[in-house]
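To start, the structure itself, in structure tokens.
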Amino acid sequence: MIPVNSVLQVGQFPEIMQLEIDQRLITSKMLDPQGKIPDGSFTAILTRSNTPLPKELFEQMPSVKMVATCGVGYDNLPLDFLSTRGIKASNTPGVLNDAVCELAIGMLFGLLRRIPEAQEFVKSTAWSQGPFIITSTLAGKCVGIAGMGRIGQDLAKRLEPFKVKLAYTGPRKKDLPYEYHSNIQSLAKACDILILACPASPETEKMIDEVVLEALGPLGYLINIARGSIVDEAALLVALQQKKIAGAALDVFENEPNPNLKFLNLDNVLLTPHIGSATAETRQLMTNLAIDNLEAFYNQQPLLTEVIN
Ligand code: 8YV
């Protein structure tokens, strides 16, 4: 049982998530993590993976010993600091795989077959002047996945029926029926479509740089459903402007919700506003899993999906 007003909600939640929260919790809300902390003696925080929590927030509330984030990514949490203070953390892996993988595949086809432009082509009546451009088939191509965690593996399985070769990179080779590359450059050189499904970390910061984009090449496509920080956006913009790669589909950006305006004028991109997990079913599952973790904490039971630093 979660004691009344023991949990501080930090950050703005979409209505469908807020409804779930309000059905299960009586809590205080702090929409701005840099704002004034409401009065109360809070022992846990409920937040979202798009809401960065500064360590100062925890320093001002020493009674907080648990933070549950709605999202698989936990780069919004000061994990090292939490570890030193013995503050537990949980995320919501597994329940958003369907939504994220479906978006990735949708973006893949949207990019290869230029579906947004095709719709514009019909709507603008340009079709009456001649046929739409010839695009590319997925079958027969090599799809490279950077990051073979839950989402990466789920995505690979869903891509198998599309007659593609699958390859991957990550910290270590896994028992998977796909070609392993020990580094991102090698994977980029070997694949036609490179999909980013890895966590944001010091190791993946700006991992996709000019060298990797050069290796991906003029017929290569980049899809990012992970985090904007994984891509050197200045290098990507040059590669797209100079057609050093064929195109990019981006659901995440360095500066959300105000991505670099230079992306907006390009004709070889497909852009979405960080909607990977943004389906009703998924967000309800994520919210309830986060609250289940809070319940486990207050019941002094092991967390369901603890983040181990
Ligand atoms: C969003 C995500 O963070 O799960 C993640 O890491 O990036 C998305 O699900 C969403 O805002 C979670 O509430």
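Take 906 as the starting number for the sequence shown in our numbering and just add one per residue. No residue lacks a Cβ here, since even glycine has one placed at the ideal position from N, Cα and C. Nothing here was measured: the structure is a model prediction, and the numbers come from that model.
Using the DSSP secondary-structure output, state which residues sit across from residue i in a beta bridge.
i, result
"Asn1129", "Leu1101, Leu1155"
"Ala949", "Val912"
"Ala994", "Val972"
"Ser933", "Leu913"
"Ile1113", "Val1136"
For residue i, does the count of other Cβ atoms within 10 angstroms reach 16, so buried, or fall short, so exposed?
i, result
"Ala1044", "exposed"
"Lys1046", "buried"
"Asp1172", "exposed"
"Glu1108", "exposed"
"Asp1097", "buried"
"Ala1185", "exposed"
"Gly1035", "exposed"
"Thr997", "buried"
"Thr1192", "buried"
"Gly1049", "buried"
"Gln914", "buried"
"Ser911", "buried"
"Leu1169", "exposed"
"Glu925", "buried"
"Pro983", "buried"
"Ile1289", "Because the chain here runs from 906 to 1214, residue 1289 falls outside it and cannot be looked at."
"Ile931", "exposed"
"Asn1129", "buried"
How is residue i classed by DSSP in three states: helix, strand or coil?
i, result
"Leu1171", "coil"
"Val1212", "coil"
"Leu982", "coil"
"Leu958", "coil"
"Leu1124", "coil"
"Leu1016", "helix"
"Leu1176", "strand"
"Val977", "coil"
"Ile907", "coil"
"Pro1021", "helix"
"Gln923", "helix"
"Asp944", "coil"
"Met966", "coil"
"Cys1006", "helix"
"Gln1205", "coil"
"Thr989", "helix"
"Glu1108", "coil"
"Gln939", "coil"
Tell whether a beta-carbon distance below 9 Å holds between residue i and residue j.
i, j, result
"Glu1200", "Ile907", "yes"
"Gln1147", "Ala1120", "no"
"Gly976", "Ser954", "yes"
"Pro943", "Leu962", "no"
"Lys1078", "Tyr1085", "yes"
"Ala994", "Glu1138", "no"
"Leu1101", "Ile1113", "yes"
"Leu1016", "Gly1152", "yes"
"Gly1181", "Ala1004", "yes"
"Asp866", "Ser1087", "Not covered by the structure: residue 866. The range shown for the chain is 906 to 1214."
"Lys970", "Thr948", "yes"
"Ala1131", "Gly1052", "yes"
"Leu1176", "Pro1164", "yes"
"Ile1010", "Leu1064", "yes"
Should residue i be counted as a contact of ligand 3 given a C-beta to heavy atom distance under 8 Å?
i, result
"Asn1160", "Ligands present in the displayed structure are limited to ligand 1, and ligand 3 is not among them."
Along the chain, which unbroken stretches of the beta strand (DSSP E) at least 3 residues long are found entirely within the stretch 1031-1094? 1047-1051, 1070-1074, 1084-1086
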